[in-house]
Amino acid sequence: MAAYSRGLCRVVGASPRPAWRRAHSDTRGCLKPEYDAVVIGAGHNGLVAAAYLQRLGVNTAVFERRHVIGGAAVTEEIFPGFKFSRASYLLSLLRPQIYTELELKKHGLRLHLRNPYSFTPMLEEGTESKVPRSLLLGTDMAENQKQIAQFSRKDAQAFPKYEAFMNRLALAIGPLLDAAPVDMEAFQRGSLLQRLKSLSTLKPLLQAGRILGVQLPRYYQVLTAPATKVLDQWFESEPLKATLATDAVLGAMTNPYMPGSGYVLLHHVMGGLDGMRGAWGYVQGGMGALSDTIASSATAHGASIFTEKTVAKVQVSSGGCVQGVVLQDGSEVRSKVVLSNASPQITFLKLTPQDWLPEEFLERISQLDTQSPVTKINVAVDRLPDFLAAPNAPRGQPLPHHQCSIHLNCEDTLLLRRAFEDAVDGLPSHRPMIELCIPSSLDPTLAPPGCHVISLLTQYTPYTLAGGKTWDEQERNAYADRVFDCIEAYAPGFKGSVVGRDVLTPPDLERVFGLPGGNVFHCAMTLDQLYFARPVPLHSSYRCPLRGLYLCGSGAHPGGGVMGAAGRNAAHVVFRDLRSM
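The numbers in the numbering used here rise by one with no breaks, and the one at position 522 of the sequence shown is 506.
#1: In the DSSP assignment, find the beta strand (DSSP E) that holds His391 and state where it starts and stops.
#2: Check for me: the alpha helix (DSSP H) holding Met150 runs from which residue to which?
#3: Can you grab the Cα-Cα spacing for the pair Leu161 / Tyr83, in whole Å?
#4: Could you check whether Thr227 and Glu419 sit closer than 8 Å to each other, using their CB atoms as the reference points?
#5: From this set, Ala164, Glu85, Pro375, which residue's C-alpha is nearest Pro542's C-alpha?
#6: Report the residue from Pro144, Leu15, Lys67, Phe68 whose alpha carbon sits nearest the alpha carbon of Glu127.
#7: Determine the DSSP secondary structure at His436, reduced to helix, strand or coil.
#8: What three-state label does DSSP hand Ile62 in the structure shown?
#9: What whole-angstrom Cβ distance do Trp340 and Leu530 have, given they're in contact under 8 Å?
#10: Count the other C-beta atoms from every protein chain shown that fall within 10 angstroms of the C-beta of Asp465, then say buried if there are 16 or more, exposed otherwise.
#11: Under a three-way DSSP split, which group does Ala431 fall into?
#12: Can you check which of these residues, Met271, Tyr266, Gln205, is closest to Gly246 by C-alpha distance?
#13: Give me, in chain order, the residues of the same chain whose beta-carbon lies closer than 6 Å to that of Ser425; leave out the 5 immediate sequence neighbours on both sides.
#14: Does DSSP put Cys507 in a helix, in a strand, or in coil?
#15: What is the DSSP secondary structure of Gln443, reduced to helix, strand or coil?
#16: For His51, tell me which candidate among Gln338, Phe290, Asp469 has the shortest Cα-Cα distance.
#17: Here's a check: name, in chain order, each residue in its chain whose Cβ is nearer than 8 Å to the Cβ of Gly410, leaving out the five neighbours to either side.
#18: Quick check on the burial criterion: 16 or more other C-beta atoms within 10 angstroms. Buried or exposed for Ser439?
#19: Straight-line CA distance for Gln338 to Val23?
#20: Suppose the cutoff is 6 Å on Cβ atoms and the five residues either side in sequence are ignored; what does the same chain contact list for Lys297 look like?
#21: Please specify which runs of the alpha helix (DSSP H), each continuous and at least 4 residues long, are wholly inside the stretch 293 to 370, giving them in chain order.
#22: Is it buried or exposed, Asp427, if we count other Cβ atoms within 10 angstroms and call 16 or more buried?
#23: DSSP state of Leu488, grouped into three classes?
#24: At which residues does the beta strand (DSSP E) containing Tyr534 begin and terminate?
#25: Is DSSP giving Lys67 helix, strand or coil here?
#26: Between which two residues does the beta strand (DSSP E) harbouring Pro105 extend?
#27: Rounded to whole angstroms, what is the Cα-Cα separation between Val317 and Val42?
#28: Which residues bound the beta strand (DSSP E) around Asp20?
#29: Determine the DSSP secondary structure at Arg12, reduced to helix, strand or coil.
#30: Would you report the Cα separation of Pro116 and Thr104, rounded to the nearest angstrom?
#31: Pop quiz: Val32 and Arg563 are said to be a contact at Cβ under 8 Å. What is the actual Cβ separation, rounded to whole angstroms?
#32: May I ask which residues mark the beginning and end of the beta strand (DSSP E) holding Thr568?
#33: Taking 8 Å as the cut-off, decide whether the C-beta atoms of Lys225 and Phe219 are in contact.
#34: To test your reading of the DSSP string, which unbroken alpha helix (DSSP H) runs of 4 or more residues are found completely within the stretch 395 to 433?
#35: Please tell me whether Ile361 and Asp486 are closer than 8 Å, where the distance is taken between their beta carbons.
#36: May I ask you to report which of helix, strand or coil DSSP gives Ser288?
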């Protein structure tokens, strides 16, 4: 880390063990030799799967290699008194059924809804205006239109229609998220009964078609076209288009001018909180508190969750059926089924004996696109950023814009494309796209009094650097310094407020959280790796060629984000299979 006179350094990959984080373990204090189901990895999807299976009467154990549960949805006290959502940092996509069915509020989940939710300050160098303009968006449509009218009255009038258009598409796609895709393997090669059952999974597709109606071709364009093409049909002002386009590229090695980026735009607007569509919020206590409540729901019904228990391999019987796992310490745990919350690559290329998987399947898994542009930077500061476009209050208390996703270097979609092109050349972006969030603006428990924690999702940074360079401490610091310089231009004094930082490049995200290529979605959310084809064609129903082994993480349908749908859907598929065994 770069040396700060008042600063704290963070060695990436170390394992802090703050006392305030509790470890989950078997309530009887010992590991049993056999369970009905074993889940590899205590990420949020794995925990969701375990909670549902246990409620259905399937005795389930979860094994997590790290000292803390949550996977990427984790809270860690990186510096004394500063608690960070170290990877995932916002909540919206978690399926509404999971809140109610797992009784998460009963188990302690508390949320802070953000309104307003988006703030894009302008630099506007050389203008006569003393205070640069900014774009602040929230749930009040009239206020949104007033904000947008600063840049275009036409766009202000079009914005409510655009929101209604996107909400209709999100409504149509919702049912597809909550069910396994059509099992094409069963449809092609199964018995007559299996074929008829697979046809029943077409219902969500038919529902979506009915909702979209004659507008289906136009919606199809949203899923396949560049985000800029979609946005250009609605708007003319670059600040608005670029602000909306950030959702099309967050976490994805793409830019808004590339085909298919429109789908990722939808992926980030189809959530909601407390019945408010499209709302995003912070979890009280950080994202790890969400994982804790899911784990609490699971253990309350008898599930066992173990930390620092690394699964070394999946055990297979001589008859070609899964029969449990072997832990790194040599312990054997038998089970009827194994669900893997790890990535497809780790699950099938590292943990599963290769002799039991078809060569073509393994080849497809090895070819998955896992490129990620993200470097996550967690920052401890002793005061709030003071933006030129929205000066701080005299006493330094949080203002409405501080609770937002704050978009920097996002005044123009061309800026996003140029940042992407740098990474294609193997270079960290010279002017990176930055999404800055300050969860302590709504949740003061995350930092000491007067101080704050800041989450920076930045891109684009390639996994492999040009010229034979590696992401060593020097390169990591150089990039973080560049990001801080950018923030300083919008909020002078920011660099002087920093007391510590934790920099996670794509290789760091891969090493610490097991994200292949640093990809928060496990593999790219492109049309060739979605629905029928996630993770690969003919194996999108959570099952794989090895009987008894299932995928339940972000590499399975419907993909990444703190959604829980993959865990919930996989649990129901497993339960049906167990009943038929």
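Backbone N, C-alpha and C fix where the C-beta goes; we use that ideal spot for every residue, glycine too.
Well, looking at it:
#1: As a position in the sequence shown, residue 391 is number 407, starting the count at 1. From DSSP, the beta strand (DSSP E) with His391 extends over 389 to 392.
#2: For the purposes of this step, residue 150 is identified with residue 166 of the sequence shown, where counting begins at 1. Taken as a continuous stretch (DSSP letters only), the alpha helix (DSSP H) holding Met150 covers 137 to 161.
#3: The sequence position of residue 161 within the sequence shown is 177, counting from 1. The sequence position of residue 83 within the sequence shown is 99, counting from 1. Here the C-alpha atom of Leu161 lies approximately 15 Å from the C-alpha atom of Tyr83.
#4: By 1-based counting over the sequence shown, the position of residue 419 is 435. By 1-based counting over the sequence shown, the position of residue 227 is 243. For Glu419 and Thr227, no; Cβs fall outside 8 Å.
#5: Position 558 of the sequence shown, counted from the start, is the residue given in the question as residue 542. Ranking Ala164, Glu85, Pro375 by Cα distance to Pro542 puts Ala164 first.
#6: As a first step, residue 127 must be located in the sequence shown, where it is residue number 143. That would be Pro144, whose Cα lies nearest to the Cα of Glu127.
#7: The residue given as residue 436 occupies position 452 in the sequence shown. Three-state DSSP puts His436 in a strand.
#8: Taking the sequence shown and counting its residues from 1, one reaches residue 62 at position 78. In the three-state DSSP reduction, Ile62 falls in the strand class (E or B).
#9: Position 356 of the sequence shown holds residue 340. Position 546 of the sequence shown holds residue 530. Contact between Trp340 and Leu530 holds, with the beta-carbon distance rounding to 5 Å and staying under 8 Å.
#10: Locating residue 465 in the sequence shown gives position 481, where the first residue counts as 1. Exposed, by the Cβ-count rule.
#11: The count along the sequence shown starts at 1 and reaches residue 431 at position 447. In the structure shown, Ala431 sits in coil (DSSP, three-state: anything other than H, G, I, E or B).
#12: Position 262 of the sequence shown, counted from the start, is the residue given in the question as residue 246. Ranked by Cα distance from Gly246, the options Met271, Tyr266, Gln205 are led by Gln205.
#13: Counted from its first residue, the sequence shown places residue 425 at position 441. Taken in chain order, the residues that qualify are Pro382, His386, Gln387.
#14: Reading the sequence shown from its first residue, position 523 is the one you call residue 507. Three-state result, Cys507: coil.
#15: Translated into the one-based positions of the sequence shown, residue 443 becomes position 459. Note: Gln443 maps to strand in three-state DSSP.
#16: Here the question's residue 51 lines up with position 67 in the sequence shown. With distances taken between Cα atoms, His51 lies closest to Phe290.
#17: To locate residue 410, count along the sequence shown from 1; it is residue 426. The beta carbon of Gly410 sits closer than 8 Å to those of Pro446, Thr448, Leu449, Ala450, Gly451, all from its chain and outside the five residues before and after it, given in chain order.
#18: By 1-based counting over the sequence shown, the position of residue 439 is 455. Buried, because 16 or more other Cβ atoms sit within 10 Å of the Cβ of Ser439.
#19: To locate residue 338, count along the sequence shown from 1; it is residue 354. To locate residue 23, count along the sequence shown from 1; it is residue 39. Take the alpha-carbon of Gln338 and the one of Val23: they are about 20 Å apart.
#20: Position 313 of the sequence shown, counting from 1, holds the residue named residue 297. Val310, Leu335.
#21: Secondary structure in the stretch 293 to 370: the alpha helix (DSSP H) runs of 4 residues or longer, each lying completely within the stretch, are 343 to 350 in chain order.
#22: If you number the sequence shown from 1, residue 427 lands on position 443. By the C-beta density criterion, Asp427 is buried, having at least 16 other C-beta atoms within 10 angstroms.
#23: Position 504 of the sequence shown, counting from 1, holds the residue named residue 488. Leu488 falls in the strand class under three-state DSSP.
#24: What you label residue 534 is simply residue 550 of the sequence shown in a count that begins at 1. 533 to 535 is the extent of the beta strand (DSSP E) around Tyr534.
#25: Here residue 67 refers to the residue found at position 83 of the sequence shown. When secondary structure is reduced to three states using DSSP, Lys67 falls in the strand class.
#26: Working through the sequence shown from its first residue, we reach residue 105 at position 121. From DSSP, the beta strand (DSSP E) with Pro105 extends over 102 to 105.
#27: Locating residue 317 in the sequence shown gives position 333, counting from the first residue. Locating residue 42 in the sequence shown gives position 58, counting from the first residue. Taking the straight line joining both Cα atoms gives about 15 Å.
#28: One-based indexing of the sequence shown puts residue 20 at position 36. Note, Asp20: beta strand (DSSP E), 18 to 24.
#29: Translated into positions along the sequence shown, residue 12 becomes position 28. For Arg12, the predicted structure reports a pLDDT of 30, less than 50, and the residue's modelled location is therefore unreliable. The matter cannot be settled from this model.
#30: Residue numbering aside, residue 116 sits at position 132 when the sequence shown is read from its first letter. Residue numbering aside, residue 104 sits at position 120 when the sequence shown is read from its first letter. Each residue's alpha carbon lies about 11 Å from the other.
#31: Locating residue 32 in the sequence shown gives position 48, counting from the first residue. Locating residue 563 in the sequence shown gives position 579, counting from the first residue. The Cβ separation is near 20 Å, so there is no contact.
#32: Outside the displayed span of the chain (-15 to 565) sits residue 568, for which this structure offers no information.
#33: Stepping through the sequence shown from its first residue, residue 225 is reached at position 241. Stepping through the sequence shown from its first residue, residue 219 is reached at position 235. Contact: yes.
#34: Counting only runs of 4 or more, we get 397 to 408.
#35: Numbered from 1 along the sequence shown, position 377 holds the residue referred to as residue 361. Numbered from 1 along the sequence shown, position 502 holds the residue referred to as residue 486. Yes, the pair counts as a contact, with Cβ atoms nearer than the cut-off.
#36: As a first step, residue 288 is located in the sequence shown; it is residue number 304 there, counting from the start. Look at Ser288 here: in three-state DSSP terms it is strand.
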